[in-house]
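Participant: So that we are looking at the same thing, I have put the structure below in structure tokens.
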Amino acid sequence: MNKLMLCAISAIFVSGAYAEEIPITGNVESKCVITTDTAGVYGNPTPSNLSTDPTDGGVTPIVRYDVSMAEYYKALITWPDEFSQSPELNDTVAFDGEVTVDRVSIATMSDYESAKTEYQNSTEYELTESGSTWFAIESEADYGFSKAFPGGTYRSLITAECIAQ
Amino acid sequence: MVYCSYSYSNPNYIYETSGNASQDSLNWVMSNVLPAYTGLQVNGVFYQYTTVKDPETGMVVTVQNEDALNAGQYVFREVDDWSGIPGNTIQKAIPQPYVDQNRWGNGSITVDGEGQVVDASVIYTYRYDEDCVVSPQNNPTCPGFVMPEINVPDPVDPIDDTIQDEIDRQRVADGDMIQDDIDRKKIKDEKDNGRPMIEVLLGNSNTTALGDVAQILHDNLVLLDVIPPSYLTELPSTVYEETLSLPDAELPDNVMIRRASYSQELLHEQLVDLQYQLGESK
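So this is what it looks like as structure tokens:
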């Protein structure tokens, strides 16, 4: 009986009240845009080596960060440590890489290189200036102990992130 | 002077980029960089260079173009301060508000301090109206456009007209005769003005367009019995039909008429012969 009464009261209460949900919408445009400037190509200077170094016949990939708000973002770039596509490999592959500031739109961005932080295969840059910064990412892979890579297509991925501080 | 209307279309802009102005030197002449197109406007400067320097030293690099129309000023100037930082490659894109070509003076990359600029590249983006390149008269927006004018010759002064001069000369030569004609015509007109014109008076009776004064004059003339009564008789508005009719379409020859004609011919011949007979009798 109590339960019924409660239900009735509750129903009356609900029907007598009026509530409305008012939406709030906001769009935040990204103040940090990442653009692939140059796609990389692996060169194959030796049978056991793949390299993006132009001296090895490769093309160094370049990524550009456009930041409209200074000191709000940091760039996190990770060079690959595995192939995303490759023939079947039955031996270990040793990956190596390096991220450097290739070009800047403001001279003071040249300090980014000396202030970068490296850990594992990742490199972080504090984007303390608004403008564009080009980062070059070198990637190199050695197969086994001077073992020839099997023929086929090899692909790997660089991860470039813009992280709000 | 008459100005004719002129229709034109929107500018037909072509956008292009120059070559590397600093390819051979860090000082360049713009006439060797931009084509000499009428109405060319620069809308952007892209430059890139690499600095080779000690991070501890001071170095300021300036990329600039002199203002050709204002001595001592620059139409474009960008300064990069590399002091206390390591060298690197810098790349900039500087938009320009469609600055006319004639303002772009000599360009240069200057270095203040210790360090070197290598691998410099300065590229200008520009636009021009394709129609203006062909001819400034193709569009009123083109520099150097001159509003076309059509010069219509002023009317010739009759005094200077040779034909009119001849007419005047002839008129002077015949002046006496013409004056006599004018005098005679004037006298005749005065006489005519004194005569009542019966046609006008009759016209008054047939129109109501005349005023009251004319109507009174008309009535007075009727009372004076100047106008024949038959002029005032109105003809009935009717149609007069044909009353004669022929019984048939064939008309027989009139014998009486032929006889009369023959007898007249005989009489004519007798009269002609008679003159000869009279001559013989003499």
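Chains as they are written, first to last, in the working numbering: chain R, 1 to 165; chain Y, 1 to 282. Positions of the beta carbon are idealized from the N, C-alpha and C atoms, including for glycine. Keep in mind it's a predicted model, so treat the numbers as computed, not measured.
Taking only runs of the beta strand (DSSP E) that begin and end inside the segment 41 to 85 of chain R, which ones reach a length of at least 3 residues, in chain order?
Facilitator: 43 to 46, 49 to 51, 62 to 67 and 73 to 78
Participant: Taking the CB atoms as reference points, tell me whether Pro153/Y and Met147/Y lie closer together than 9 angstroms.
Facilitator: No.
Participant: Which same chain residues end up closer than 6 angstroms to Thr123/R when comparing Cβ atoms and leaving out the 5 residues on each side of it in sequence?
Facilitator: Ile77, Val99 and Lys116
Participant: Assign Gln165/R to one of three DSSP states: helix, strand, or coil.
Facilitator: coil
Participant: Check the DSSP bridge columns for Trp104/Y and list the partner residues they point to.
Facilitator: Asp67/Y
Participant: How is Asp154/Y classed by DSSP in three states: helix, strand or coil?
Facilitator: coil
Participant: With burial defined as no fewer than 16 other Cβ atoms inside 10 Å of the residue's Cβ, what is the status of Ser156/R: buried or exposed?
Facilitator: buried
Participant: Determine the chain R residues that contact Pro95/Y at a beta-carbon separation under 8 angstroms, and present them in chain order.
Facilitator: Chain R residues near Pro95/Y: none, gap ~13 angstroms exceeds 8 angstroms.
Participant: Tell me the rounded alpha-carbon separation between Ser261/Y and Gln215/Y.
Facilitator: 59 angstroms
Participant: Got a sec: is the Cβ-Cβ distance from Ile90/Y to anything in chain R below 9 angstroms?
Facilitator: yes
Participant: In chain order, which continuous runs of the beta strand (DSSP E) of length 3 or greater are located wholly inside the segment 38 to 82 of chain Y?
Facilitator: 41 to 52, 59 to 67 and 74 to 81
Participant: Confirm, please, whether the CB-CB distance from Gly58/R to Tyr73/R is below 9 angstroms.
Facilitator: no
Participant: Under three-state DSSP, which class holds Glu269/Y?
Facilitator: helix
Participant: Any beta carbon of chain R sitting closer than 9 angstroms to that of Asp80/Y?
Facilitator: yes
Participant: In the structure shown, what three-state DSSP assignment does Thr162/Y receive?
Facilitator: helix
Participant: Could you tell me whether any Cβ in chain Y is nearer than 9 angstroms to the Cβ of Ser110/R?
Facilitator: yes
Participant: Assuming contact is defined by CB atoms lying nearer than 9 angstroms, are Tyr49/Y and Val33/Y in contact in what I supplied?
Facilitator: no
Participant: Please name the residue, chosen from Glu269/Y, Asn12/Y, Asp253/Y and Leu274/Y, that lies closest to Cys132/Y on a Cα-to-Cα basis.
Facilitator: Asn12/Y
Participant: Which same chain residues end up closer than 7 angstroms to Ile90/Y when comparing Cβ atoms and leaving out the 5 residues on each side of it in sequence?
Facilitator: Gln48, Tyr49 and Asp80
Participant: Quick one: is Asp181/Y buried, meaning 16 or more other Cβ sit within 10 Å of its Cβ, or exposed?
Facilitator: exposed
Participant: Would Ile106/R count as contacting chain Y if we go by Cβ distances under 9 angstroms?
Facilitator: Yes - at least one Cβ of chain Y is within 9 angstroms of the one on Ile106/R.
Participant: Tell me which residue opens and which closes the beta strand (DSSP E) that Glu113/R is part of.
Facilitator: First-last for Glu113/R: Asp111 to Ser114, but that is the alpha helix (DSSP H), not the beta strand (DSSP E).
Participant: Quick check on the burial criterion: 16 or more other C-beta atoms within 10 angstroms. Buried or exposed for Val255/Y?
Facilitator: That one is exposed.
Participant: Does Pro23/R pass the burial test, meaning 16 or more other C-beta atoms within 10 Å, or should it be called exposed?
Facilitator: exposed
Participant: Thinking C-beta only, is Lys53/Y closer than 9 angstroms to Gln116/Y?
Facilitator: Yes. Within cutoff.
Participant: Using a Cβ cut-off of 9 angstroms (strictly closer), state whether Gly87/Y contacts chain R.
Facilitator: yes
Participant: Would the beta-carbon of Thr128/R fall within 9 angstroms of that of Asp111/R?
Facilitator: yes
Participant: Taking Cβ-Cβ distances shorter than 7 angstroms, what residues in chain Y pair up with Ser51/R?
Facilitator: Chain Y residues near Ser51/R: none, gap ~22 angstroms exceeds 7 angstroms.
Participant: Looking only at its chain, what residues have a beta carbon closer than 8 angstroms to the beta carbon of Leu69/Y, apart from the 5 residues adjacent to it on each side?
Facilitator: Asn102 and Arg103
Participant: Round the Cβ separation of Ile106/R and Gly131/R to the nearest angstrom and send it over; I've been treating them as touching at under 8 angstroms.
Facilitator: 5 angstroms
Participant: At which residues does the beta strand (DSSP E) containing Ser230/Y begin and terminate?
Facilitator: Looking at the DSSP string, Ser230/Y is not in any beta strand (DSSP E); the run it does join, the alpha helix (DSSP H), is Pro229 to Leu232.
Participant: Would Glu16/Y count as contacting chain R if we go by Cβ distances under 9 angstroms?
Facilitator: no
Participant: Does Ser68/R come within less than 9 angstroms of chain Y when only Cβ atoms are used?
Facilitator: no
Participant: In angstroms with no decimal places, state the Cα-to-Cα distance between Tyr128/Y and Glu78/Y.
Facilitator: Roughly 25 angstroms separates the two Cα atoms.
Participant: Show which residues of chain Y have a CB atom less than 9 angstroms away from the CB atom of Asp102/R.
Facilitator: Asn88 and Thr89
Participant: How should Asp189/Y be labelled, buried or exposed, when 16 other C-beta atoms within 10 angstroms of its C-beta is the threshold for buried?
Facilitator: Asp189/Y comes out exposed.
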